[in-house]
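In this note's numbering, the protein residues as written are 147 to 871.
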């Protein structure tokens, strides 16, 4: 075993902070961190009175909001979303009518792992979509950022924009508040793009996957005749001097604004949310969960990316008979220098953090150590213990407290802290020589501090993968989407082959993308619910993105619209998989506008395909399996009981109506030489037309939706479809 040389270079300081200034038991953990960071920066002479957006559980005393200078932005049941001056949060928390104040981290875009791919599955080019359903009459909501309103993917054939609504949380109003809605399509076009559009292309890409129009006959989105409603946010405010600090409450406002517009218009709506944040074992999103559950229902669906944390290790278990259990903590995608984890134990544990100046390789000097005992923390009755040390790269601070989270295994403690730009270790039970009888469980925040094992050091090799599905995809009423992959290379506009996704490519086409997050959730739910293609997905590129040359190798197609060059780009991530599913659900909502989240989950469970036949379904890799748009439509329309109607959609075949004739075209001209039979049914299973040709007379049929069965003698081209007369 490699040797650890313990060298404590600097002294440890410890401070215990009592809850004598407000009631911190009513505050969520992230809100406590925000308040702490504000206290540390109060020496700034130019600081104005700041406000943040938060959830408040108020027992019907509205006068408190006026008393503490709060601005109510929305009410969802007993939960209020309000803008609160930071210096009023603690006084407000002391009021008996206030049950809880919550402001967790704003979800971030589930950014593409790396941009790629031109050989996308046919569904993205509109080749395998049922002809009868296009999303007409459905609102496709996209809650994202970095939109290019001028891209041809968002225009109808007559040149009119399909973007009907836009809300910008970053818009600064004259009175100092933030947030502005544009409900005129012409005004949206005049603005051309969202704020901070030069920074990325994420939202443009996502929106075109879900609902983009066909451009040059290529790259059509799923619900390509739906109305597009956009909400823009940025989860990285420049600093806390913004009039409103955007938090998880802002995210719920975005969903509410889109659903409110759908209510006004009486239309079904599905919202795609390709943004996420990691979920902690001691979830602090109590009010947010309740608010979101109140928003969804019949014709109101939210789809969320599962996240790109893949098989990262997130937890470790110290068994009852083990002396030590530890792991190496790495830097997460949300930034280095943050520790956030929960510890569960039924007995006193000695917890030791050792901090190093560089990555642990061979004999390595430890520069600082922080130790604490869980019994000592528990005796503080919820007060926060601040532990500090200093290492050569800067100051280290940990905040530790016993939570009120109930767990049958024992007490639950939360540890969070900030570190200099360095690496660090955690040992659970490293000093168990006197007090080692009893188990412990450690759960890390995968976005900030995923765990890793150190080869050759068993006591540092206890980390295990799992629990990586992100919020809000962990919720039972949110449709969580993981990613699968197919081809790992594509050809860009310069004719070069890009193979950067090889490291993320699954072992076989259609299997899980290696970055796709896995369940279960901390509540024991199987997640994701469903998977869809998420590697090298080709969709619209933001023409205002500042780094064109840096992204040129990922561009796959060029077109001209209104005398301007536009491009398509290949990207990968669960961000790309989620809008596929959201677009499919828009088609299902067109067929049945009253579908609930549970109806959608039931359809997914009944109709999804199983990518890996060695597994049982549902599971924490694929959920119920790969989305099947057509089979799901048959299920939603309740026409699965027509004995002679295949549940498989006919492939490499195009069905269309020309005057009084139903026409059938084959991609392969030789297939037309085969003997074919065509049967047309009502949705109740009544046979109303037959033929043995590629043209069938349907002049006698009234307008409506019909099912068509095509038999060709070929397994590929045989199948069924839905048509609209």
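Where a beta carbon is used, it is the ideal one built from N, C-alpha and C, also for glycine.
Should residue i be labelled buried (16 or more other beta-carbon atoms within 10 Å of its own) or exposed?
i: residue 371; result: buried
i: residue 327; result: exposed
i: residue 761; result: exposed
i: residue 710; result: exposed
i: residue 670; result: exposed
i: residue 834; result: exposed
i: residue 643; result: exposed
i: residue 678; result: buried
i: residue 356; result: buried
i: residue 740; result: exposed
i: residue 490; result: buried
i: residue 543; result: buried
i: residue 773; result: buried
i: residue 93; result: The question about residue 93 has no answer, for the chain in this structure spans 147 to 871.
i: residue 725; result: buried
i: residue 170; result: buried
i: residue 846; result: exposed
i: residue 366; result: buried
i: residue 802; result: exposed
i: residue 208; result: exposed
Give the range of the beta strand (DSSP E) segment to which residue i is assigned.
i: residue 594; result: That residue, residue 594, is in no beta strand (DSSP E); it is neither H nor E in DSSP.
i: residue 348; result: Premise fails: residue 348 lies in the alpha helix (DSSP H), 348–357, not in any beta strand (DSSP E).
i: residue 288; result: 285–290
i: residue 792; result: Careful: residue 792 lies outside any beta strand (DSSP E) and carries neither H nor E.
i: residue 616; result: No beta strand (DSSP E) contains residue 616, which DSSP labels as neither H nor E.
i: residue 764; result: Taken as a continuous stretch (DSSP letters only), residue 764 belongs to no beta strand (DSSP E), as it is neither H nor E.
i: residue 365; result: That residue, residue 365, is in no beta strand (DSSP E); it is neither H nor E in DSSP.
Kindly indicate which residue of the options has the alpha-carbon position closest to the one of residue i.
i: residue 467; options: 238, 422, 584; result: 584
i: residue 203; options: 697, 245, 619; result: 245
i: residue 306; options: 312, 313, 298; result: 298
i: residue 733; options: 448, 757, 685, 368; result: 368
i: residue 252; options: 347, 422, 352; result: 422
i: residue 617; options: 494, 687, 629, 593; result: 593
i: residue 205; options: 861, 223, 490, 854; result: 223
i: residue 631; options: 838, 722, 799, 610; result: 722
i: residue 415; options: 767, 846, 285, 425; result: 285
i: residue 665; options: 590, 457, 837; result: 457
i: residue 680; options: 794, 611, 633; result: 633
i: residue 744; options: 443, 663, 317, 540; result: 443
i: residue 351; options: 755, 702, 759, 785; result: 702
i: residue 447; options: 230, 292, 727; result: 727
i: residue 281; options: 374, 248, 235; result: 374
i: residue 417; options: 870, 704, 408; result: 408
i: residue 769; options: 676, 860, 752; result: 676
i: residue 754; options: 627, 294, 587, 697; result: 627
i: residue 775; options: 785, 806, 729; result: 729
The alpha helix (DSSP H) with residue i in it runs from where to where?
i: residue 753; result: 743–753
i: residue 245; result: Here residue 245 belongs to no alpha helix (DSSP H); instead the beta strand (DSSP E) covers 244–248.
i: residue 720; result: 720–737
i: residue 339; result: Residue 339 -> no alpha helix (DSSP H), and no H or E assigned at all.
i: residue 521; result: 520–524
i: residue 401; result: 394–411
i: residue 111; result: With the chain covering 147 to 871 only, the question about residue 111 has no answer from this structure.
i: residue 825; result: Per DSSP, residue 825 belongs to no alpha helix (DSSP H); it is in the beta strand (DSSP E), 823–828.
i: residue 544; result: Careful: residue 544 lies outside any alpha helix (DSSP H), inside the beta strand (DSSP E) at 540–548.
i: residue 213; result: 209–213
i: residue 694; result: 694–697
For residue i, collect the residues of the same chain with a Cβ closer than 6 Å to its Cβ; drop the 5 residues on either side in sequence, then sort them by chain order.
i: residue 605; result: 470, 472
i: residue 791; result: 853, 855, 866
i: residue 858; result: 820, 822, 864
i: residue 629; result: 659, 662, 680, 720, 723
i: residue 840; result: 810
Looking only at its own chain, which residues have a Cβ that is under 8 Å from the Cβ of residue i, when we skip the five neighbours before and after it?
i: residue 192; result: At residue 192 the pLDDT is 42, less than 50, meaning the model places this residue with poor confidence; the figure from the coordinates comes in the next sentence. Within the same chain, residue 192 has no close Cβ partners at all.
i: residue 221; result: 227
i: residue 787; result: 831
i: residue 465; result: 471, 585
Leaving out five residues on either side along the sequence, give the residues of the same chain with a beta carbon under 7 Å from the beta carbon of residue i.
i: residue 218; result: 211, 226, 228
i: residue 329; result: 311
i: residue 783; result: 737, 829
*Three or more beta-carbon pairs under 8 Å between the region 622–630 and the region 437–452, yes or no?*
Enough Cβ pairs lie closer than 8 Å, so yes.
*Please determine if the region 211–225 and the region 234–253 are in contact, where contact requires at least 3 C-beta pairs separated by less than 8 Å.*
Segments in contact, yes.
*Is it a yes or a no for the region 484–500 touching the region 540–557, going by three-plus beta-carbon pairs under 8 Å?*
With the cut-off at 8 Å, the region 484–500 and the region 540–557 touch.
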